[in-house]
Amino acid sequence: MTEKTFPADTAALDAVLSFTEEQLEQFSCPPALTMSLTMAIEEMFVNAAYYAYPDGGGSVQLAIAFESDSRTVTFRLTDSGIPFDPLARPAPDLSIPAAERPVGGLGIYMMRKTMDEVQYERIGEQNILTMR
Numbered sequence: 451m452t453e454k455t456f457p458a459d460t461a462a463l464d465a466v467l468s469f470t471e472e473q474l475e476q477f478s479c480p481p482a483l484t485m486s487l488t489m490a491i492e493e494m495f496v497n498a499a500y501y502a503y504p505d506g507g508g509s510v511q512l513a514i515a516f517e518s519d520s521r522t523v524t525f526r527l528t529d530s531g532i533p534f535d536p537l538a539r540p541a542p543d544l545s546i547p548a549a550e551r552p553v554g555g556l557g558i559y560m561m562r563k564t565m566d567e568v569q570y571e572r573i574g575e576q577n578i579l580t581m582r
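Have a look at this one:
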């Protein structure tokens with residue numbers, strides 16, 4: 451598993467996406483899949499950057515691993531921010547027009563649709579989101 455720690459700040463988003471794309475390129479991930487996976491990472495990183503540390507500061511660790519036998523990519527985002535389980539959030543009601551829908555939740559919904567498996571854990575003072 452390759453890991454890198456980033457400031458929990460949207461200014462670090464380009465570095466997060468570059469790191470993700472570099473790792474996926476090493477795994478010969480097809481471009482369309484790379485785009486979907488980086489979108490999911492972007493959504494989860496931005497959530498952490500905006501909400502995990504209300505007083506500012508903090509960091510997010512992104513770990514990426516590739517299992518060659520199953521051709522599975524595992525992403526793990528870890529932060530020490532306030533507890534937040536994105537899986538506990540209800541899916542947005544997509545039958546309501548976008549202009550009338552409450553703000554929030556669509557990025558989590560898209561991430562869950564992109565990934566085959568998503569798991570959240572709060573261990574000690576850390577939020578750990580694992581996506582496969």
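Residue numbers for the sequence shown follow the numbering used here, so the first one is 451 and each next one is one higher.
Where a beta carbon is used, it is the ideal one built from N, C-alpha and C, also for glycine.
Arg526 sits away from Ala538, with the two beta carbons spaced by 7 Å or more. Judged by beta-carbon spacing, Ala458 lies beyond the 7 Å limit of Ala490, meaning their Cβ atoms are not closer than that value. With 16 or more other Cβ atoms from the protein chains shown falling within 10 Å of its own Cβ, Thr470 counts as buried. Put simply, the backbone Cα of Thr488 is about 16 Å away from that of Thr452. C-alpha of Asn497 to C-alpha of Met561: approximately 12 Å in a straight line.
The Cβ atoms of Thr522 and Gln576 do not sit closer than 7 Å to each other. The three-state reading of DSSP puts Ser530 in coil, since its state is none of H, G, I, E or B. In this structure Met565 is buried. Its beta-carbon is surrounded by 16 or more other beta-carbon atoms within 10 angstroms. Taken through DSSP and simplified to helix, strand or coil, Pro457 comes out as strand. Under the DSSP assignment, Met489 falls in the alpha helix (DSSP H) whose first and last residues are Pro481 to Asn497. Look at Met581 here: in three-state DSSP terms it is strand.
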